[in-house]
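As C-alpha cells, the structure follows; a few thoughts come after it.
Here you go:
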C-alpha cells in the first residue's frame, strides 16, 4: 500500500471515529467524556455482535432440535436496545411464545427446552465421535 493511500485510510478511520463519538455523546446515555463515549460504543458493538450470534443460533434451532423461538427472542432482546427493527420483531416473536398473563415464559418450558437441546447435542456428539 502506498503512503498516500495509507494516509487516506487512516484519515477516513479517524473521521469515522469522531463521527461515532459525536453521535454517541448526542444520542447515547449522554456521556461526560470521550473515553466514556468510546467505552459505550464498544459495549454497543459487543451487544449487537452477541445478539446476532444468539439470533443466528435460534434460527438454526428452528429446524433442528432446541428452543429456537426462545433463543430468537433472546437474540432480539439483545439487539432491541440498539436496533429499532429488532424491537418490532421481538414483539412478534413474544406473541408466538407460550406465556402467562404477564407475558413471561414459564420456567418449566425454558428448562425443558434447554434440557432437550443439551441431550440432543450430547447424543449427536456421541453418535458422531464416540460410537
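Numbering (our numbering), first residue to last: -9 to 121. For glycine and all other residues, C-beta sits at the position ideal for the given N, C-alpha and C.
Close Cβ partners of residue i (< 6 Å) along its chain, the five nearest in sequence each way excluded
{"i": "residue 104", "result": "none"}
{"i": "residue 79", "result": "66"}
{"i": "residue 38", "result": "72"}
Start-to-end residues for the alpha helix (DSSP H) that takes in residue i
{"i": "residue 113", "result": "97 to 115"}
{"i": "residue 39", "result": "24 to 51"}
{"i": "residue 58", "result": "58 to 70"}
{"i": "residue 83", "result": "74 to 86"}
Neighbourhood of residue i by C-beta distance below 7 Å, restricted to the same chain and skipping five residues each side
{"i": "residue 55", "result": "106, 107, 110"}
{"i": "residue 34", "result": "72"}
Counted within 10 angstroms of its Cβ, other Cβ atoms place residue i as buried (16 or more) or exposed
{"i": "residue 41", "result": "buried"}
{"i": "residue 69", "result": "buried"}
{"i": "residue 44", "result": "buried"}
{"i": "residue 50", "result": "exposed"}
{"i": "residue 101", "result": "exposed"}
{"i": "residue 57", "result": "buried"}
{"i": "residue 36", "result": "exposed"}
{"i": "residue 27", "result": "buried"}
Beta-carbon proximity list for residue i, same chain, < 8 Å, skipping 5 on both sides
{"i": "residue 76", "result": "41, 66, 69, 70"}
{"i": "residue 2", "result": "none"}
CB contact flag (residue i, residue j, <8 Å)
{"i": "residue 31", "j": "residue 10", "result": "yes"}
- request: Flag this pair as touching only if the stretch 59 to 67 and the stretch 78 to 85 have three or more C-beta atom pairs under 8 Å; answer yes or no.
  value: With a cut-off of 8 Å, the stretch 78 to 85 and the stretch 59 to 67 count as touching, because enough Cβ pairs lie within range.
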